[in-house]
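Numbering (my numbering), first residue to last: 213 to 404. Some notes on the structure that comes next.
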């Protein structure tokens, strides 16, 4: 299960995250460090991401190794941000708390690739939707649909009211309906 989790993390970081995988043996200021995986990125960024499989037997070893890497980077003048991706069984553990005092820690508990993506979301580039084509003005589209009716005084008054507010459209409709009622009442009284 841990091998599958590691495989999914490596896949997500390299393919979706555009991280570049480095050799597992990392040398900083002539000091060697061995991790399950080492990445640089995303893209052209030089940030460092180390991947470690956590287990309770190796707690002290993991903490000392990550602390030594962090100190060595600082003393060598490195400005690279360091992120640790920990493959663990549960998100809250004393190991994660201790490591979060040293560097940024992202816990991965899932083995399913979709869940790994969700847990690594903070390390992945944003996926923005493709821009849509600009749409023509709505009032112009409405005029085109209405044809010659759009040239009437009533439609022009409604469109002008629509540019101001919905309430203005309601008032314009109400006054047009009242005018039509009065006009029809006037015609009925003339017929009588």
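From the three backbone atoms N, C-alpha and C, an ideal C-beta is built for every residue, glycine too.
Among the options, nearest to residue i - alpha-carbon criterion
{"i": "residue 284", "options": "323, 397, 327, 238", "result": "238"}
{"i": "residue 311", "options": "339, 263, 349", "result": "263"}
{"i": "residue 335", "options": "229, 214, 220", "result": "229"}
{"i": "residue 305", "options": "267, 252, 246, 353", "result": "267"}
{"i": "residue 313", "options": "390, 282, 382, 391", "result": "282"}
Terminal residues of the alpha helix (DSSP H) in which residue i lies
{"i": "residue 326", "result": "325 to 331"}
Residue i to residue j span [Cα, whole Å]
{"i": "residue 378", "j": "residue 344", "result": "27 Å"}
{"i": "residue 386", "j": "residue 347", "result": "31 Å"}
{"i": "residue 273", "j": "residue 300", "result": "15 Å"}
{"i": "residue 271", "j": "residue 307", "result": "6 Å"}
{"i": "residue 339", "j": "residue 366", "result": "46 Å"}
{"i": "residue 216", "j": "residue 323", "result": "6 Å"}
{"i": "residue 353", "j": "residue 396", "result": "33 Å"}
{"i": "residue 246", "j": "residue 309", "result": "22 Å"}
Whole-angstrom C-beta distance between residue j and residue i, which should lie under 8 Å
{"i": "residue 293", "j": "residue 259", "result": "5 Å"}
{"i": "residue 288", "j": "residue 240", "result": "6 Å"}
{"i": "residue 332", "j": "residue 224", "result": "6 Å"}
Cβ-based neighbour list, residue i, same chain, cut-off 7 Å, excluding 5 preceding and 5 following
{"i": "residue 253", "result": "229, 230, 231, 232, 259"}
Boundaries of the beta strand (DSSP E) in which residue i is found, first to last residue
{"i": "residue 196", "result": "This structure cannot speak to residue 196, because the chain is shown only from 213 to 404."}
{"i": "residue 230", "result": "No beta strand (DSSP E) contains residue 230, which DSSP labels as neither H nor E."}
{"i": "residue 294", "result": "294 to 299"}
CB contact check: residue i to chain D, cutoff 7 Å
{"i": "residue 348", "result": "Looking at the structure shown, chain D is missing, and only one protein chain is on hand."}
Residues near residue i by beta carbon distance below 6 Å, same chain, minus five either side
{"i": "residue 371", "result": "351"}
{"i": "residue 362", "result": "355"}
8 Å CB neighbourhood of residue i in its chain, flanking five on each side removed
{"i": "residue 318", "result": "295, 296, 297, 298, 331, 332, 334, 335"}
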